[in-house]
Ligand code: CO
């Protein structure tokens, strides 16, 4: 069911500072910041040869990563995104097996313009998992 790792997301309190670390200290190619108000984040993509890292900064009062940053003041790994061919089939298989999908289970359009779903971390080794249909 799972394909490639699409991205690893790291929540950060200061996107400009995190961008500087990845660009200047680590020597990676980093995109311009992109505000995604419907997801409550501003995101920067770190382009790597085999995958991407997304740096996420809270945007707005109701940001879904605000509580995470409150608990992890210097930031931290937030989720892993795996690619799937058919997100509805993946959701149905997972929920039939007892896994919990966050929200109402309807895929949303993610940062790359593709349908995404998030799976409950308690069902996946304490890690928030995102599925993206590619
Ligand atoms: Co993501």
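Residue numbers (my numbering): 7 to 140.
Glycine residues also receive a C-beta, built at the ideal position from the N, C-alpha and C atoms.
Bear in mind the structure is a predicted one, so any value in this text is a computation, not a measurement.
So, is residue i buried or exposed, given that buried needs 16 or more other C-beta atoms within 10 angstroms?
i, result
"residue 141", "Absent from the structure is residue 141, since the part of the chain shown begins at 7 and ends at 140."
"residue 71", "buried"
"residue 60", "buried"
"residue 48", "buried"
"residue 41", "exposed"
Does the ligand CO have a heavy atom nearer than 7 Å to the CB of residue i?
i, result
"residue 116", "yes"
"residue 67", "no"
"residue 15", "yes"
"residue 53", "no"
"residue 126", "no"
"residue 44", "no"
"residue 63", "no"
In terms of residues, what are the limits of the beta strand (DSSP E) holding residue i?
i, result
"residue 71", "Here residue 71 belongs to no beta strand (DSSP E), and DSSP marks it neither H nor E."
"residue 48", "47 to 53"
"residue 41", "40 to 42"
"residue 62", "58 to 64"
"residue 134", "134 to 139"
With respect to the alpha helix (DSSP H) encompassing residue i, which residues constitute its N-terminal and C-terminal limits?
i, result
"residue 17", "Element bounds for residue 17: not the alpha helix (DSSP H) but the beta strand (DSSP E), 11 to 17."
"residue 21", "21 to 26"
"residue 100", "93 to 102"
For a quick check, are the C-beta atoms of residue i and residue j less than 8 Å apart?
i, j, result
"residue 95", "residue 137", "no"
"residue 75", "residue 39", "no"
"residue 65", "residue 46", "yes"
"residue 9", "residue 92", "no"
"residue 52", "residue 21", "no"
"residue 135", "residue 85", "yes"
Straight-line CA distance for residue i to residue j?
i, j, result
"residue 123", "residue 77", "23 Å"
"residue 67", "residue 133", "24 Å"
"residue 12", "residue 121", "13 Å"
"residue 32", "residue 25", "10 Å"
"residue 87", "residue 102", "21 Å"
"residue 109", "residue 126", "10 Å"
Shorter than 8 Å from the beta carbon of residue i to some beta carbon of chain D?
i, result
"residue 32", "Looking at the structure shown, chain D is missing, and only one protein chain is on hand."
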